[in-house]
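*Asks:*
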Amino acid sequence: MIELPVVESSKNTSRKPEWLRVKLPVGQTYANVRRIVDVNKLHTICESGNCPNMGECWGTGTATFMILGNVCTRSCTFCAVATGCPMNMIRMNPAG
């Protein structure tokens, strides 16, 4: 087993720049989008992909949803969405 060096934290750790910080989702528009997604049991790429910009998008009233459920047929390396064949596609084309 390889031993990794231990890095001691210094008290002078630099803070993240303001533009790099993700703002928490707030506001009535965000709450409305959240309610619509929850009530209708929609799968959004925002949630399934653990998107860090979800609060920003939902705060402006925008949400991107997945029409075949929470499984994607693509395998993007930057995304956290499960990859595979959505069950809805299997039901639509049982021979396939």
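For reference, each letter of the sequence shown is one residue, going -4 to 91 in the numbering used here.
All residues carry an ideal CB built from backbone N, CA and C; glycine is no exception.
These figures come from a predicted structure and were not determined experimentally.
When DSSP labels each residue in this structure, what does C80 get in the three-state scheme?
*Replies:* coil
*Asks:* Which residue's Cα is closest to the Cα of P47: G64, S9, F73, C80?
*Replies:* The residue with the shortest Cα to Cα distance from P47 is F73.
*Asks:* Enumerate in chain order the residues of its own chain whose CB-to-CB distance from K36 is below 7 angstroms, with the five nearest sequence positions on each side excluded.
*Replies:* none
*Asks:* Which runs of the alpha helix (DSSP H) spanning at least 4 residues fall entirely within the region 7 to 61, listed in chain order?
*Replies:* 23 to 34, 40 to 43, 49 to 54
*Asks:* Would you kindly check if the distance between the Cβ of C41 and the Cβ of A26 is under 9 angstroms?
*Replies:* no
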